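Mapped onto my numbering, the consecutive letters of the sequence shown carry residue numbers 1173 to 1561. The C-beta atom is built at its ideal place from N, Cα and C for all residues, glycine as well. Note that the structure is predicted; figures quoted are calculated from it, not measured. For reference, the structure discussed in these notes is given below.
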Amino acid sequence: MTEAPTSAVQTGGPTAQADTHGLGALSLRGLVKRYPDTVAVDGLDLEIGAGEFFSMLGASGCGKTTTLRMLAGFEYPDEGDILLDGRSIIGIEPNKRPVNTVFQSYALFPFMNAADNVAFGLKYQKASKAETRERVGRALELVEMTKFAKRKPFQLSGGQQQRVALARALVLEPTVLLLDEPLGALDAKLRRQLQVDLRQLQKRIGTTFVYVTHDQEEALTMSDRLAILVDGRVEQVGTPSEMYANPESAYVAGFLGSANLYEGKVTSTQAGLATTEVDGLSLIAATRHSVGVGDRVTLVLRPERVEISPIEGLCAAEDANVFASRIEHLVFRGGHTHVVTRAADCLLTAEVANVHGELPDWLVEGQQVCTRVSHRAAQILPDKASETG
């Protein structure tokens, strides 16, 4: 573990709305963490509300795990401060913080059964046998592992072992629970089930959860709010629905779900709409930012908001971008199919739900179709908002 700095510089301030009253409110102010060959965290500011399920999401190397390690006390920041319920925890040893961590590797003792693994930390709290028995039983019940209490780790599945690791952290009744990609080693089906279970557990106990993941589905499924990190900085903070619907940068749009992203130039503006030339197409899109004629911009369009239909008569409408396109190829994805079309030099992906099991006859490669994109379904981001730093 690195040495604590002799003084912590407090800089920055809140970056998003959060309930900072009550137990478990975190304030990360101007955090910087340097290593000899890189700056892992670079002036990070975050406010995490008490009782919130908050996720830090980003690609490998974005600084999310380093930030979590600073919250846990395994690393100390070179600059900045961390406040828990209004008090700095910089310099406090990990075992003396009201914080526990669950890792991707379960780190269970192989020679102990599930109950003894959960009870291990209570020895250092000098809990009586009766209190230990009660708290271990309650923790195992929370994670639905009561009937497996006497089994050793090798007798448990990966998901069951992760539940035991979670119970071992919860039994100590932390104010904040940190989770570092805890579901990363599990198969897809089990991971999705535990996402739901973990979210319901957090709602039930009300503990602040800070969850680190590179998996957008996990972050969107479980979080009250989330932050996307890029190069050690916060790119955007908000609720999952806010960030998916209104990304502030091309990076966020592309990282959270599928997106058609195009670079283009504004040719005209009117009443919150801008016309943009994109790969030979003239598209009208909504803009929440100030843009002018001639500006370079990024146009964002979610595949599920692209409508395609057979060409029947005139392919036109007043309230939408409507144009003829040709189906290039189809990508089957189970519950839906991605239909990649081409109009002029522009490739556009639409998402079609597989509600009837089979696609209609007219959805075949090479077919001409009518493509419709509502003006409000497309969004324009100015060039500066699409930079990732």
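Residue range of the alpha helix (DSSP H) that includes residue i
{"i": "V1472", "result": "Careful: V1472 lies outside any alpha helix (DSSP H), inside the beta strand (DSSP E) at R1468 to L1473."}
{"i": "L1355", "result": "Per DSSP, L1355 belongs to no alpha helix (DSSP H) and is neither H nor E."}
{"i": "L1571", "result": "Residue 1571 is absent from the model: the chain starts at 1173 and stops at 1561."}
{"i": "Q1333", "result": "G1330 to L1342"}
{"i": "A1286", "result": "A1286 to A1291"}
Residue i burial status per 10 Å Cβ neighbour count (16 or more: buried)
{"i": "F1225", "result": "buried"}
{"i": "T1174", "result": "Low confidence applies here, because T1174 scores a pLDDT of 44, under 50, leaving its location unreliable and the question unanswered by this model."}
{"i": "D1467", "result": "buried"}
{"i": "H1193", "result": "Unreliable placement is indicated for H1193, whose pLDDT of 48 sits below 50; no coordinate value is reported for it."}
{"i": "I1552", "result": "buried"}
{"i": "V1562", "result": "Here the chain comprises residues numbered 1173 to 1561, so residue 1562 is not present and cannot be evaluated."}
{"i": "I1220", "result": "buried"}
{"i": "E1559", "result": "Note on E1559: pLDDT 44, under 50, position unreliable in the model; the coordinate value appears next. With fewer than 16 Cβ atoms within 10 Å of its Cβ, E1559 is classed as exposed."}
{"i": "D1555", "result": "exposed"}
{"i": "G1506", "result": "exposed"}
{"i": "Q1540", "result": "exposed"}
{"i": "D1396", "result": "buried"}
{"i": "T1439", "result": "exposed"}
{"i": "I1377", "result": "exposed"}
Continuous beta strand (DSSP E) stretch holding residue i: start and end
{"i": "I1499", "result": "A1492 to F1504"}
{"i": "A1446", "result": "L1445 to V1450"}
{"i": "A1457", "result": "L1453 to T1459"}
{"i": "V1478", "result": "V1478 to P1482"}
{"i": "V1527", "result": "Segment: none, V1527 is in no beta strand (DSSP E) and carries neither H nor E."}
Bridge-paired residues (DSSP) for residue i
{"i": "L1432", "result": "Looking at the sequence shown, residue 1432 is not Leu but Asn. Paired residues: L1473."}
{"i": "A1522", "result": "V1511"}
{"i": "V1540", "result": "Val is not the amino acid found at residue 1540; the sequence shown has Gln there. Q1540 pairs with R1498."}
{"i": "V1213", "result": "K1205"}
{"i": "R1397", "result": "F1226"}
{"i": "P1325", "result": "Beta-bridge pairing links P1325 to no other residue."}
{"i": "Q1374", "result": "Paired residue(s): none; Q1374 is not in a bridge."}
{"i": "L1218", "result": "L1200"}
{"i": "P1554", "result": "V1469"}
{"i": "K1437", "result": "E1449 and R1468"}
{"i": "V1545", "result": "V1478 and N1493"}
Selection from the options that minimises the alpha carbon distance to residue i
{"i": "H1547", "options": "K1324, A1443 and P1419", "result": "A1443"}
{"i": "S1260", "options": "G1293, L1520, V1494 and L1243", "result": "L1243"}
{"i": "A1402", "options": "Y1434, T1239, V1336 and V1503", "result": "Before going further, note that residue 1402 is Val rather than Ala in the sequence given. Among Y1434, T1239, V1336 and V1503, the Cα nearest to that of V1402 belongs to T1239."}
{"i": "N1267", "options": "E1345, V1211, L1366 and R1405", "result": "E1345"}
{"i": "A1422", "options": "F1381, V1472 and S1454", "result": "V1472"}
{"i": "A1458", "options": "S1481, A1492 and E1476", "result": "A1492"}
{"i": "G1330", "options": "D1517, M1317 and I1220", "result": "M1317"}
{"i": "G1429", "options": "G1233, N1418, G1258 and H1501", "result": "N1418"}
{"i": "A1425", "options": "R1376, T1441, P1475 and V1382", "result": "P1475"}
{"i": "H1510", "options": "A1496, L1531 and D1257", "result": "L1531"}
{"i": "Q1327", "options": "V1545, F1281, Q1297 and G1356", "result": "F1281"}
{"i": "D1359", "options": "T1379, K1375, L1351 and Q1332", "result": "Q1332"}
query = Can you list, in chain order, the stretches of the beta strand (DSSP E) that have 3 or more residues and sit fully within the region 1227-1277?
reply = 1251-1256 and 1271-1275
Segments assigned alpha helix (DSSP H), at least 4 residues, entirely inside the region 1404-1430 = 1412-1417 and 1422-1427
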